[in-house]
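Residues 3 to 455, numbered by my numbering, are exactly what the sequence shown covers, in order. Cβ coordinates follow ideal geometry from the N, Cα and C atoms, glycine included. Note that the structure is a prediction, hence the values are computed from the model and not measured. Each remark here refers to the structure printed beneath this line.
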Amino acid sequence: QLRKAQAAILDEITSRFPEYAELLNPAPLTLNKIKTLLTADEAFIATYSSTDKTYVWTVAKDKPVQFSVSATGYQQLQRKVDRLRKAFAPTGASLASIPTFNVKTSHEIFTQILKPSQHIWNDKGNLIVVAHGPLGHLPLSVLTTKKVSLPRKSRPLFSRYRDVPFLVKTHAIANLPSADALQTLRSLETPRTNREPLVAFGDPWFNAEQATAALAQVTSKTSGIVTRGGMTFRSAPALSGLSSADISRLPRLSETADEIKDIASALGIKDTNSIYLGKRANESLVKSTNLSNYRVVAFATHGLIPGDLDGLTQPALALSAPDVSGVEGDGLLTMDEIMNLNLNADWVVLSACNTGSSDGEGAEAVSGLGRAFFYAGARSLLVSNWPVETNSARQLTTGVFESGKSSSDRAEALRLSMLNTITDGVYKSPENGKIAYSYAHPIFWAPFSLIGD
Numbered sequence: 003q004l005r006k007a008q009a010a011i012l013d014e015i016t017s018r019f020p021e022y023a024e025l026l027n028p029a030p031l032t033l034n035k036i037k038t039l040l041t042a043d044e045a046f047i048a049t050y051s052s053t054d055k056t057y058v059w060t061v062a063k064d065k066p067v068q069f070s071v072s073a074t075g076y077q078q079l080q081r082k083v084d085r086l087r088k089a090f091a092p093t094g095a096s097l098a099s100i101p102t103f104n105v106k107t108s109h110e111i112f113t114q115i116l117k118p119s120q121h122i123w124n125d126k127g128n129l130i131v132v133a134h135g136p137l138g139h140l141p142l143s144v145l146t147t148k149k150v151s152l153p154r155k156s157r158p159l160f161s162r163y164r165d166v167p168f169l170v171k172t173h174a175i176a177n178l179p180s181a182d183a184l185q186t187l188r189s190l191e192t193p194r195t196n197r198e199p200l201v202a203f204g205d206p207w208f209n210a211e212q213a214t215a216a217l218a219q220v221t222s223k224t225s226g227i228v229t230r231g232g233m234t235f236r237s238a239p240a241l242s243g244l245s246s247a248d249i250s251r252l253p254r255l256s257e258t259a260d261e262i263k264d265i266a267s268a269l270g271i272k273d274t275n276s277i278y279l280g281k282r283a284n285e286s287l288v289k290s291t292n293l294s295n296y297r298v299v300a301f302a303t304h305g306l307i308p309g310d311l312d313g314l315t316q317p318a319l320a321l322s323a324p325d326v327s328g329v330e331g332d333g334l335l336t337m338d339e340i341m342n343l344n345l346n347a348d349w350v351v352l353s354a355c356n357t358g359s360s361d362g363e364g365a366e367a368v369s370g371l372g373r374a375f376f377y378a379g380a381r382s383l384l385v386s387n388w389p390v391e392t393n394s395a396r397q398l399t400t401g402v403f404e405s406g407k408s409s410s411d412r413a414e415a416l417r418l419s420m421l422n423t424i425t426d427g428v429y430k431s432p433e434n435g436k437i438a439y440s441y442a443h444p445i446f447w448a449p450f451s452l453i454g455d
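In structure tokens form, the structure reads like this:
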């Protein structure tokens, strides 16, 4: 009797409030429905990896649906992805410690997963990807579309990657956590034109030592900045070896303050009243700010996954600790709190996020936080896949918003910034102004992905 009563109530909800019912229990999108959501210049690609096979669906508006099956299973694909991701984890304190990017493995993945449907997506400028399992831990922009061998040496260092046929050279890529997210994003209302350009939260302080060091303008012992041979990397939180960890154990990301200022400059912002740094980058100010009034909402901090900190059961963004900022809360903007925000943003930037740990587990943060921000009203997220090198990251993110001035397509704006980083990005020695190395290696240009529309 109770089941019948419950079913009757659910039927009434579905009848009277169909949008709410769809939100509670979304029906899978049909392939034909996906076709109606796509533009003429888009292709939709979804993958699913089982024990011994990977299945790929490719949909374009004007072509038959392509379904292909690769003999590469989950574990085999995971090993290939791990092999590629090693190039994004320097092993020492010098430029020579940056591993060579494995172009052979990159092309193998391309051949096994994307090439069978290339005739469907090749003439489309934008690829919308829902990647399952190991492929969700790798930016597909680094796949090579042709078989190629790297030159043995080049000057400046890493410039030998400039001519590699990466997928990013021909296609813009947007990632989605699920197919139904496409329908959610495409059903959002056209945004207001009178929004302010940017609100940003960065360089939060996680303990009193960091606050004292910041006020004294020195680097604290727990800084999340690691220097390797002229490169400055933002480290992910080293929490795996701890039996207990609270927010005070997180490393500070002091360089993110400069990146946020660079983004503001790229957007032509001179008034910094909407930029919250240090102790002002706190949970209370995020929740009390009218975020719906901004086109770009930026967070430069750590993204956490369940279990990273004591009692953390869902993905979250780390903000200044309550005992440092003097506000209520726990300093964590959790997934359910994000869903209750009211956004109207074209971009949400999650820079220096812990969304790309070496084993790819950080993808859980991307998926959870992505869904939350989408439901809150964001149209896209810019997230980092691994600890980024600060100088190239600043150039890349700033370039995204510079490119956005000439392109309303967010995925294309990211692609143009990546291409500029590959072609012209270099690090010059502050001592003599000479070029020390190129940013053409994927460790510099590929850390950021677009999640959303």
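{"Query": "Cβ pair residue 453, residue 372 closer than 8 Å", "Result": "yes"}
{"Query": "C-beta contact flag for residue 344 and residue 293 at 8 Å", "Result": "yes"}
{"Query": "Rounded Cβ spacing between residue 166 and residue 143 (contact assumed at less than 8 Å)", "Result": "Contact doesn't hold; Cβ gap of about 12 Å is too wide."}
{"Query": "Nearest-angstrom beta carbon gap, residue 213 and residue 281 [assumed within contact, 8 Å]", "Result": "6 Å"}
{"Query": "Presumed contact (8 Å Cβ cut-off) between residue 423 and residue 441, rounded CB distance", "Result": "5 Å"}
{"Query": "Residue from 156, 309, 126 whose Cα sits closest to the Cα of residue 40", "Result": "126"}
{"Query": "Whole-number beta carbon distance between residue 49 and residue 137, since they are thought to touch under 8 Å", "Result": "5 Å"}
{"Query": "Cβ pair residue 200, residue 269 closer than 8 Å", "Result": "yes"}
{"Query": "Three-state secondary structure assigned by DSSP to residue 133", "Result": "coil"}
{"Query": "Cross-strand partners of residue 41 (DSSP beta bridge)", "Result": "DSSP, once it has assigned bridges, lists no residue as partnering residue 41."}
{"Query": "Cβ pair residue 146, residue 96 closer than 8 Å", "Result": "no"}
{"Query": "Residues near residue 455 in its chain [Cβ-Cβ closer than 6 Å; skip 5 each side]", "Result": "187, 381, 382"}
{"Query": "Cβ pair residue 412, residue 338 closer than 8 Å", "Result": "no"}
{"Query": "Burial state of residue 446, where buried means 16 or more other Cβ atoms lie within 10 Å", "Result": "buried"}
{"Query": "Residues that DSSP places opposite residue 175 in a beta bridge", "Result": "129"}
{"Query": "Residue 360 (DSSP reduced to helix, strand or coil)", "Result": "Confidence at residue 360 is low in this model, with a pLDDT of 36, below 50, so the placement of that residue is unreliable and no value is reported for it."}
{"Query": "Sub-8 Å separation of residue 331 and residue 283 beta-carbons", "Result": "no"}
{"Query": "Short Cβ contact (8 Å threshold) for residue 67 with residue 33", "Result": "yes"}
{"Query": "Euclidean distance between Cα positions of residue 346 and residue 419", "Result": "24 Å"}
{"Query": "Beta strand (DSSP E) segment containing residue 199, residue limits", "Result": "198-204"}
{"Query": "Endpoints, alpha helix (DSSP H) assigned at residue 18", "Result": "4-18"}
{"Query": "Sub-8 Å separation of residue 254 and residue 207 beta-carbons", "Result": "yes"}
{"Query": "Endpoints, the beta strand (DSSP E) within which residue 336 is located", "Result": "334-336"}
{"Query": "Three-state class that DSSP yields for residue 288 in the structure shown", "Result": "helix"}
{"Query": "Residues near residue 54 in its chain [Cβ-Cβ closer than 6 Å; skip 5 each side]", "Result": "75"}
{"Query": "CB-CB length for residue 306 against residue 320, believed under 8 Å", "Result": "6 Å"}
{"Query": "First through last residue of the alpha helix (DSSP H) which encompasses residue 453", "Result": "No alpha helix (DSSP H) holds residue 453; the beta strand (DSSP E) holding it covers 450-454."}
{"Query": "The alpha helix (DSSP H) enclosing residue 146, as first and last residue numbers", "Result": "From DSSP, residue 146 is part of no alpha helix (DSSP H); its letter is neither H nor E."}
{"Query": "Simplified DSSP state of residue 219, which is helix, strand or coil", "Result": "coil"}
{"Query": "Alpha carbon of residue 437 to alpha carbon of residue 264, nearest angstrom", "Result": "22 Å"}
{"Query": "Rounded C-alpha distance that separates residue 443 from residue 91", "Result": "12 Å"}
{"Query": "Close Cβ partners of residue 162 (< 6 Å) along its chain, the five nearest in sequence each way excluded", "Result": "152, 153, 156"}
{"Query": "Rounded C-alpha distance that separates residue 333 from residue 375", "Result": "18 Å"}
{"Query": "For residue 69, three-class secondary structure by DSSP", "Result": "strand"}
{"Query": "CA-to-CA distance, residue 139 to residue 387, given in whole angstroms", "Result": "8 Å"}
{"Query": "Beta-carbon spacing of residue 258, residue 302 below 8 Å", "Result": "yes"}
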